[in-house]
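Below is one structure, written out as structure tokens; comments come after it.
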Amino acid sequence: MDVPDVVREWSVRCAQCGDCKVSASLFLPACPSGHRFRFNSYYATGRMLIGKGIQEGALALEDEDVLERLYTCTACRACDENCGNLIKGHIVDVIDGLRQMAVSAGCTLPAHDIMVQSLKKNDNVLERPKEERGDWARGLDLKVITTEKADVAYRAGCLLSFDPEMRGTALDSLKLLRAAGVDVGIEGRDEACCGGRAYEIGQVGEFTKYAENNVEAYNNAGVSTVVLSCADGLSHFRSLYTQLNLKMNFQVLHMVEYLEMLLAEGKLKFNREVPLKVTYHDPCHLGRRAGVYDAPRNILHRIPGIELVEMERRREHAWCCGAGGGVKQAYPALSLWTARERIKEAMATGAAALVTSCPWCERNFRDAAAEYGEGLPVYDIAEIAAMAI
Amino acid sequence: MEAEVKRKIRDELVSIVGGEHVTDSRPDLYSYSRDMTEHEPAWPDFVVMPGSVAEVQGVLRLANREKVPIVPYTFGDNVGGLTIPIKGGIILDLRRMDRLIEFNEENMYIVVEPGFSFGDLRRLFNEKYPHLWYSFAGAPATTSLISNAILNGFGRMTNVVGTNADNINGLEVVLPTGEIVKLGSCSVTDSWCNRPPLPDLIGLFLGWQGATGVVTKISLQLWPQYPFKQTRTLIITGIRPVCTLARKLGQTRICEIIECWSFERALPDAPAAAVSKSEDERQLRVYEPSEPARSATVDRPPGPDKMGLVIKVAADSEDELKAKLALLEVQIKQELKDLPYDELPESLGPPEEEDLPAIGGVPLGGLTWVGTMGPTSRWAEALEKIYPIYDKYRLRRAAIMVPFRGGHYGMLRLVAQFYKGDPDEVERVGKCMREILNVALDHGFVPYKAPHWAVAEIMRRGDPAWVELLARVKKLLDPNNIMNPGRYGDIRG
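Keeping their order, the protein sequence lines are chains X and V. The opening residue of the first sequence carries number 1227 in this note's numbering; numbering runs sequentially from there. The opening residue of the second sequence carries number 45 in this note's numbering; numbering runs sequentially from there.
Pasting the structure below:
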């Protein structure tokens, strides 16, 4: 089914009932852009109608307002989760399709153009020189899998590689893997973006290039497992790469899945107490997109001293952090507002810290906390786990 | 609307509600121009989202002065094209006004604004008031309590409480000319507790589809939640036996819920394997075809009609429940005599009324109906005339019947699902609904939430004095005919 077919097939089937707007059974807002702006066109129902309007010729992708409605979606899939009508979740498929049609028509957003240019030049979306990609691991004496054999490849991803404030997560992840005796290596300066953000903004050509290159690189390295700290990267490897029928000779696991396995096998033990009351945020890409809900909670439960208190919107009902789908780059105010809503919910639990397992979520929460003066510390789960060994 | 006039109105709307809450952008207007039904879309000129009663007043005064149509709107999930702005103008989207004004536990009522939804009330019950309940409709959680009540909508306790309009204690309304009026006990006291004994003007705003004013607050009765419940779902062959049984059960006071459903195959081109053994079981649940169907068209093979009858019995004690179930069994035996029937296990029955149902089960995207209320004694007679109309238009027979208020009257709802991607099917559905409407009216059934073409037919058939009175009331309240024009009381059509 080509892109216009996907849009045609599913947008016409939206019954406009509005089930997508709230979390089923909790009756709490589910859609960040809809809840922020309230007009129909910012909800999934409106975006499905935009798909219909474009097919009818009543709306045009060249219309800046149309583009704004399409690109203020964080692609969190909460709408798909709550839709009782399109059972297998095709709302974001339609939005993805409309974005791809927009790119094909030359209708793009300046903030996204900058990301794409950075990808083409630097293999990352952060406008950072590709030569600096492996700097975060300097001095760690790690194997580089392009030249040395390793069983497991650790993939830091763009944010952990380039953002100095975020590197602690990558370093702590390596600390944990080494403590468990894992034969681990990295790609170093040759690691490249997963391409997922390109896919989400409609740049399928760019995405495909990175998907093919990444799979080839890990296949050539002969690793059995690729472990990622980035939830976005995980879901792109698992769901989007497989849609391209790329043959992956390795399994792909998120750090929380791998840690849970190491704990179960007794290769990793938490000996130190971490006296902290925390709440856990399910990243959309790890939760709704990859179905990983228990592993992070199981890890937190095994850390001595950790008290986990849950937010009301959790697991499949989790409120998005606001960073996804290119929203952080193109609509930073919406992105930070969305994150702040989540921080408020986290603070209402009485937790002393917010824990998550995606660098994009962590970055956005930290930015929102700074912007709005909220004092809640934000950690990646690997940082908490590393305190316990 | 001329560009200069439009600019002037836009500027004034922005000054009333703020720029963030006014839009005339094309994707916004398009998304308010249509709904889930087959009704012809129509574009508004603006969508405005007031945040207070004062802002509603400001918008109405402006619209009245400039003679611009106003269509009150909450979440747009009605099945009647009621908020399609057939004359353009301003969609007044009230969802920002979502406050709970009062929850009076002792007197069992709630006062809320238009944006307060079924889901909001469910959260309140879940968190603080598990002993109370409301007659929740089988509608999405976003459905507005106000919209549902003032449109004579109803929930699953209809056999006990009637429509939700019957449960209104009081209203606050902004008139088309901008004045605020309170109705019910709140008009002379500080209490929203009761509707009688004052002269009842609340009806001026019920069933009018927003043609007489904008309701900004409502007081609604709440009901006790029964701790003991049991549901039975019978599958009965033949229209007459099930209609008689449903009517008689409605009149016994044994049952809290009585719903009678057509029991046809869910989708015409569903794979045979999916509809063989599990066909009956799936009928009342979400149907998920393995391949997406692109048509609701069906040529019905000859054969008897199967009907599902859902009965819920509720009680304050286990003994009371047992006694009611025993009485129910007696009633079933008495009415069905030796007629065989099947019964679904409770686990495969319809969703609990506690679960606000997802609308799931509209996989083709299109849903419409002629919903009516009338004499339960004529259900079968009407249905026997209506079912062949479905066949003529090659659509699936689908009816729902529910007795109201102890069976004094009842609902007869004729439903059609359709694929919005097939213009021929959409056209057939429209024609089918029009024919059904006429047969329903011929049998004493009057449409609720009627689309504008049905309103026109009702007014055409109506007693001339009644039509004239409607027009006089409308003219009195809405002298410039700005409120949802083309509906009740608008004799210009």
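Glycine included, every Cβ here is placed at the ideal spot set by N, Cα and C. Because the structure is a prediction, the values reported are computed rather than measured.
- With respect to the C-alpha of residue 147 of chain V, the residue from V/235, V/487, V/271, V/286 having the closest C-alpha is V/235.
- The beta carbon of residue 480 of chain V sits closer than 6 Å to the beta carbons of 414, 430, 433, 458 from its chain, once the five residues preceding and following it are set aside; these are given in chain order.
- When the beta-carbon positions are compared, residue 1466 of chain X and residue 1437 of chain X come within less than 8 Å of each other.
- In this structure, the alpha-carbon of residue 79 of chain V lies about 45 Å from that of residue 370 of chain V.
- Contact between the region 1375-1391 of chain X and the region 1573-1588 of chain X is present: 3 or more CB-CB pairs across the two stretches fall below 8 Å.
- Runs of the alpha helix (DSSP H) lying entirely within the region 51-82 of chain V, each at least 4 residues long, are 70-75 in chain order.
- Residue 96 of chain V has a beta carbon lying at 8 Å or more from every beta carbon in chain X.
- Residue range 1317-1330 is occupied by the alpha helix (DSSP H) that includes residue 1321 of chain X.
- By the criterion of a C-beta distance shorter than 8 Å, residue 1450 of chain X is surrounded in its chain by 1377, 1378, 1476, 1477, once the five residues flanking it on both sides are discounted.
- For the options V/132, V/364, V/425, V/122, the alpha carbon positioned closest to that of residue 114 of chain V is the one of V/132.
- At a cut-off of 8 Å between beta-carbon atoms, residue 483 of chain V makes no contact with chain X.
- Under the DSSP assignment, residue 108 of chain V falls in the alpha helix (DSSP H) whose first and last residues are 97-110.
- Segment contact: the region 127-142 of chain V against the region 75-95 of chain V, three or more CB-CB distances shorter than 8 Å; contact assigned.
- The beta-carbon of residue 1256 of chain X is placed no less than 8 Å from the nearest beta-carbon of chain V.
- The C-beta of residue 350 of chain V has 16 or more other C-beta atoms within 10 Å across all chains shown, which makes the residue buried.
- Residue environment for residue 68 of chain V: buried (at least 16 other C-beta atoms within 10 angstroms of its C-beta).
- For the options X/1544, X/1536, X/1418, X/1327, the alpha carbon positioned closest to that of residue 1303 of chain X is the one of X/1544.
- Between residue 1570 of chain X and chain V, the shortest Cβ-Cβ separation is not below 8 Å.
- Interface residue (Cβ-Cβ distance to chain X less than 8 Å): residue 173 of chain V is not classified as such.
- Around the beta carbon of residue 464 of chain V, a 10 Å sphere encloses 16 or more other beta carbons of the protein chains shown; the residue is thus reported as buried.
- Collapsing the DSSP output to three states places residue 1449 of chain X in coil.
- Interface annotation, residue 464 of chain V: in contact with chain X, CB-CB separation under 8 Å.
- The alpha helix (DSSP H) runs of length 4 or more contained entirely in the region 1500-1566 of chain X are, from start to end of the chain, 1520-1528, 1553-1556.
- Beta-bridge analysis with DSSP links residue 281 of chain V to V/350.
- By a beta-carbon distance limit of 8 Å, residue 1273 of chain X contacts residue 1295 of chain X. Their separation comes to about 6 Å.
- Around the C-beta of residue 1606 of chain X, 16 or more other C-beta atoms lie within 10 Å, and the residue is accordingly described as buried.
- Check the Cα spacing between residue 1503 of chain X and each of X/1489, X/1495, X/1532, X/1484: the tightest is with X/1532.
- CA-to-CA, the gap between residue 475 of chain V and residue 469 of chain V works out to about 10 Å.
- When Cβ-Cβ separations below 8 Å define contact, residue 186 of chain V makes contact with chain X.
- Cβ contact annotation for residue 1522 of chain X (same chain, cutoff 7 Å, sequence separation greater than five): 1482, 1506, 1583, 1607, in chain order.
- Note: residue 116 of chain V is bridge-paired with V/136 in the DSSP secondary-structure output.
- Residue-level contact check: residue 1279 of chain X touches chain V, since one or more beta carbons of chain V fall below 8 Å from its beta carbon.
- Take the alpha-carbon of residue 428 of chain V and the one of residue 283 of chain V: they are about 8 Å apart.
- Residue-level contact by beta carbon holds for residue 67 of chain V and chain X, with a gap shorter than 8 Å.
- Sixteen is the threshold: when 16 or more other Cβ atoms of the shown chains lie within 10 Å of the Cβ of residue 260 of chain V, as they do, the residue is buried.
- Within the region 96-128 of chain V, the residues whose Cβ lies closer than 9 Å to some Cβ of chain X are 119, 120, 121, listed in chain order.
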